[in-house]
Structure formats: structure tokens, C-alpha cells
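Notes for the one structure printed next.
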Amino acid sequence: MRWCVSIGAVLVAGAMAGGDVVSMAATGPKAQFAQSKQDPVVDVELVLAVDVSYSMDMDELAIQREGYAQAIVSKEFLTALKSGPTGKIAVTYFEWAASSDQKLIIPWRVIDGPESADAVASEIMKTPIRRASRTSISGAIYYAMPLFDENALHGLRRVIDISGDGPNNNGGPVTVARDEAVAKGIVINGLPIMAKELSYSTMDIENLDLYYEDCVIGGPGAFVVPIKERDKFKEAIRTKLVLEVAGLMPEPRAIPVANTTREPRVNCLIGEKIWQDRWGR
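Here the sequence shown stands for residues -17 to -1, 1 to 264, where the numbers follow mature numbering (1 follows the signal peptide of the UniProt record, and there is no 0).
If you want it as C-alpha cells, here you go:
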């Protein structure tokens, strides 16, 4: 089951205090392996995959950076951190654009409290902002998958957190990459950015949230937090990170949006089609 989470409806701190959420089970072969081998264990191995394609304007890129940095040091995030079995997570952060363009900003770091959270947030903010051409969500997924094998800390869950403001238009089909990740026990969540008017020049599409729901996210409990207002940008990032770190899902307020047995509501090759129609290649 996949879910769409409304930012306005999900008041994470209140939900956590009031019992409006349910915990996702931290089970499975990887968790059992980690425990049986007595390896170091974190609650989640979290890959933050951040879109820096040219369709993102400089203001959006700056707000996006600030949003992740502020979310990681927020009271809600630190509360969620301590709600897990180990009270710590492993996180890595990279930026992506074309299928061959991914830049690792922060290698794997363990966050176990305010001090380590501050260090990661500072590292995010000090890196110069960049932009690049094309949009390859599939390339981001393929880049993210082996990062889990490079991390010495075994997590009870493995999550790729993808933000972006347009459909895949470069590299392999996004659904193929998604399915390969899910087959490896990885959950993919999405943050579709829909905070500006549609523009032909930037290859925007309507219903980007539906595209993410049906074509990008996957795995048990996967969800989307769409951003439809610029002033909700940072709140959305915080909401998504808190849910991912705590392994929580809003129960009554979430809307089940898709399953794997029916056709997607949006053509999962729409980005490739727009590019082909426009540029003929």
C-alpha cells in the first residue's frame, strides 16, 4: 500500500503525542542478520536524494537546502530520533540531475542527538548551491542503491527519500529502477515539488504528486508529501523526515492512493515523451 500525506493534516508532533500514528514493523532479513551478527544497528539507513536540475530556481534550491538542515535539528526530528529502538540513524545526502550527474554532499553520518544533528545540518549548509541539466529520478535511485552496501552500520529499515519538481526525462525508466530497489528491501518515499506555476520551458507536468505516487515511490508504507505552496516547503521536509526516522505513518488521515495491480494514473514515461517531442532525441 502506498500513501499520500497532506502536510496540513499531519501535525507530526501532536500526532506522536496523541497516538495518531502506528509504527511500521522493523523486521525482515536485514534486521535479523544485523541482530544475529551483533553488528552496530541503527533504526534507519536514510538516503536523501535532492533534485538540483535547472527546473529548480535558485530560491527553491536555497529553501530546499535550508529545509533539510532545519528539519534535522528540529525538536520534532530529535523527538522522533529517540522514539526508535536504538535512538540513532545513519544518513547520507546527495544531489542529482542527469543520469550521470550525482554529487555526494555528505557521506554516511550517524545522528544520535543534537550535537551530531547540528554537525550534519552545518555540513549541508556550507556546500555551495549548484544546478545541472536534465532530470533522472532513475539515475538517482541507481546511484542510491549501492550506498547502502557501503555503509558499515546495518539499519532496521532502508529508505531513499527523493525530492524533485519534474518527471524522469533521462536515463532508464523510473519504474524499472523503483522495482529493483523495492526488490532489495528498500523503501522509496517522495517529495514532489509543485510550488510554482507550470512552465513549458521547464517541462513541468500537472499532477506531479500522482506521478510520484504511481511511478516513483515503492515498498511497504511508502508515501508522498507534496509541496503545493512555497511557504510550506520547510514544513513538508520536516514532516517527511520525522515520519521516516520514527518509522511512523499517519493512520486515519492518510489516503491510500495506489497499488501495484492497476494502471498508473499518469503515464510513467511522460517526461521522456515530452523531451522526445520537443528535442527529437
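Backbone N, C-alpha and C define an ideal beta-carbon position, used for all residues, glycine too. Keep in mind it's a predicted model, so treat the numbers as computed, not measured.
Inset, instruction - Return the CA-CA distance between V225 and S36, expressed in angstroms with no decimal places. - result: Along the sequence shown, one-based indexing puts residue 225 at 242. Along the sequence shown, one-based indexing puts residue 36 at 53. So the alpha carbons of these two residues sit roughly 26 Å apart.
Legend entry - Cβ-based neighbour list, F60, same chain, cut-off 8 Å, excluding 5 preceding and 5 following: The residue given as residue 60 occupies position 77 in the sequence shown. Within the same chain, and ignoring the five residues on either side of F60 in sequence, the residues whose Cβ sits closer than 8 Å to its Cβ are A54, A100, R221, L224, V225 and V228.
Legend entry - Straight-line gap, A52 to E246 (C-alpha atoms, nearest Å): Start at 1 with the first residue of the sequence shown, and residue 52 comes out as number 69. Start at 1 with the first residue of the sequence shown, and residue 246 comes out as number 263. Taking the straight line joining both Cα atoms gives about 37 Å.
Legend entry - 7 Å Cβ cutoff met for V157 and S121: Looking up residue 157 in the sequence shown gives position 174. Looking up residue 121 in the sequence shown gives position 138. In this structure, V157 sits near S121, with a CB-CB distance shorter than 7 Å.
Inset, instruction - Reducing DSSP to helix, strand and coil, say where A73 ends up. - result: In the sequence shown, counting from the first residue as 1, residue 73 sits at position 90. Strand, per DSSP.
Inset, instruction - Pull up the CB-CB distance for I257 and M186, whole angstroms please, since I reckon it's below 8 Å. - result: If you number the sequence shown from 1, residue 257 lands on position 274. If you number the sequence shown from 1, residue 186 lands on position 203. Confirmed, Cβ separation roughly 5 Å.
Legend entry - Proximal residues to I143 (C-beta, below 7 Å), its chain only, five neighbours per side dropped: Taking the sequence shown and counting its residues from 1, one reaches residue 143 at position 160. Taken in chain order, the residues that qualify are V30, A32, I124, A127, A164, I169 and I171.
Inset, instruction - Check whether the Cβ atoms of V25 and G138 lie closer than 7 Å to each other. - result: Locating residue 25 in the sequence shown gives position 42, where the first residue counts as 1. Locating residue 138 in the sequence shown gives position 155, where the first residue counts as 1. The Cβ atoms of V25 and G138 sit closer than 7 Å to each other.
Inset, instruction - Look up L139 in the DSSP assignment and say whether it is helix, strand or coil. - result: Stepping through the sequence shown from its first residue, residue 139 is reached at position 156. Coil.
Legend entry - Pair within 7 Å by beta-carbon distance, I112 and L174: Within the sequence shown, the letter at position 129 stands for residue 112. Within the sequence shown, the letter at position 191 stands for residue 174. No, these two residues do not count as a Cβ contact at 7 Å.
Inset, instruction - Could you check the C-alpha separation between V249 and L191 for me, to the nearest Å? - result: Counting from 1 along the sequence shown, the entry for residue 249 is found at position 266. Counting from 1 along the sequence shown, the entry for residue 191 is found at position 208. A direct Cα-Cα distance of roughly 9 Å separates V249 from L191.
Legend entry - First and last residue of the uninterrupted beta strand (DSSP E) at L87: One-based indexing of the sequence shown puts residue 87 at position 104. Here the beta strand (DSSP E) through L87 covers Q85 to I94.
Inset, instruction - Starting from the Cα of P129, find the closest Cα among S146, P90, S105 and G154 and give me that residue. - result: As a first step, residue 129 must be located in the sequence shown, where it is residue number 146. The shortest C-alpha to C-alpha distance from P129 to any of S146, P90, S105 and G154 is the one to P90.
Legend entry - Short Cβ contact (7 Å threshold) for S82 with G154: Taking the sequence shown and counting its residues from 1, one reaches residue 82 at position 99. Taking the sequence shown and counting its residues from 1, one reaches residue 154 at position 171. For S82 and G154, yes; Cβs fall inside 7 Å.
Legend entry - Between the CA atoms of F216 and E189 - distance to the nearest angstrom: For the purposes of this step, residue 189 is taken as residue 206 along the sequence shown, with counting starting at 1. For the purposes of this step, residue 216 is taken as residue 233 along the sequence shown, with counting starting at 1. Roughly 18 Å between the two C-alpha positions.
Legend entry - Buried/exposed call for M41, threshold 16 Cβ in 10 Å: Here residue 41 refers to the residue found at position 58 when the sequence shown is read from its first residue. Residue environment analysis places M41 among the exposed positions, since fewer than 16 neighbouring C-beta atoms fall within 10 angstroms of its C-beta.
Inset, instruction - Can you tell me which of the three DSSP states A170 falls into? - result: Translated into positions along the sequence shown, residue 170 becomes position 187. Before going further, note that residue 170 is Val rather than Ala in the sequence given. Strand, per DSSP.
Legend entry - Supposed close pair A205, N134 - CB separation, criterion 8 Å: As a first step, residue 205 must be located in the sequence shown, where it is residue number 222. As a first step, residue 134 must be located in the sequence shown, where it is residue number 151. The Cβ separation is near 21 Å, so there is no contact.
Legend entry - Of the residues Q85, R140, E98 and V27, the one placed nearest A115, counting alpha carbons only: The sequence position of residue 115 within the sequence shown is 132, counting from 1. Nearest C-alpha to A115: Q85.
Legend entry - Minimum length 3: unbroken beta strand (DSSP E) runs contained in the stretch 173 to 228: Counting whole runs of 3 or more residues, the stretch 173 to 228 contains no beta strand (DSSP E) stretch at all.
Inset, instruction - Using the DSSP secondary-structure output, state which residues sit across from S146 in a beta bridge. - result: Position 163 of the sequence shown, counted from the first residue, corresponds to residue 146. Partner(s): V33 and L174.
Inset, instruction - Give a yes or no on whether the C-beta atoms belonging to T110 and N152 are separated by under 7 Å. - result: Mapped onto the sequence shown, residue 110 falls at position 127. Mapped onto the sequence shown, residue 152 falls at position 169. It is not a contact, given that the beta carbons lie outside the stated cut-off.
Legend entry - Three-state secondary structure (DSSP) of A115: Start at 1 with the first residue of the sequence shown, and residue 115 comes out as number 132. Of the three classes helix, strand and coil, the one that applies to A115 here is strand, per DSSP.
Inset, instruction - Classify E246 as helix, strand or coil using the three-state DSSP reduction. - result: As a working note, residue 246 is residue 263 in the sequence shown. For E246, the secondary structure class from DSSP, reduced to helix, strand or coil, is coil.
Legend entry - Where the alpha helix (DSSP H) through G50 begins and ends: Here residue 50 refers to the residue found at position 67 when the sequence shown is read from its first residue. Residue range M41 to V56 is occupied by the alpha helix (DSSP H) that includes G50.
Inset, instruction - Tell me whether N152 sits in a helix, a strand or coil according to DSSP, three-state version. - result: Position 169 of the sequence shown, counting from 1, holds the residue named residue 152. In this structure, N152 counts as coil in the three-state DSSP scheme.
Legend entry - Whole-number beta carbon distance between D132 and W79, since they are thought to touch under 8 Å: Looking up residue 79 in the sequence shown gives position 96. Looking up residue 132 in the sequence shown gives position 149. Contact between W79 and D132 is ruled out by a C-beta separation of about 19 Å, above the 8 Å threshold.
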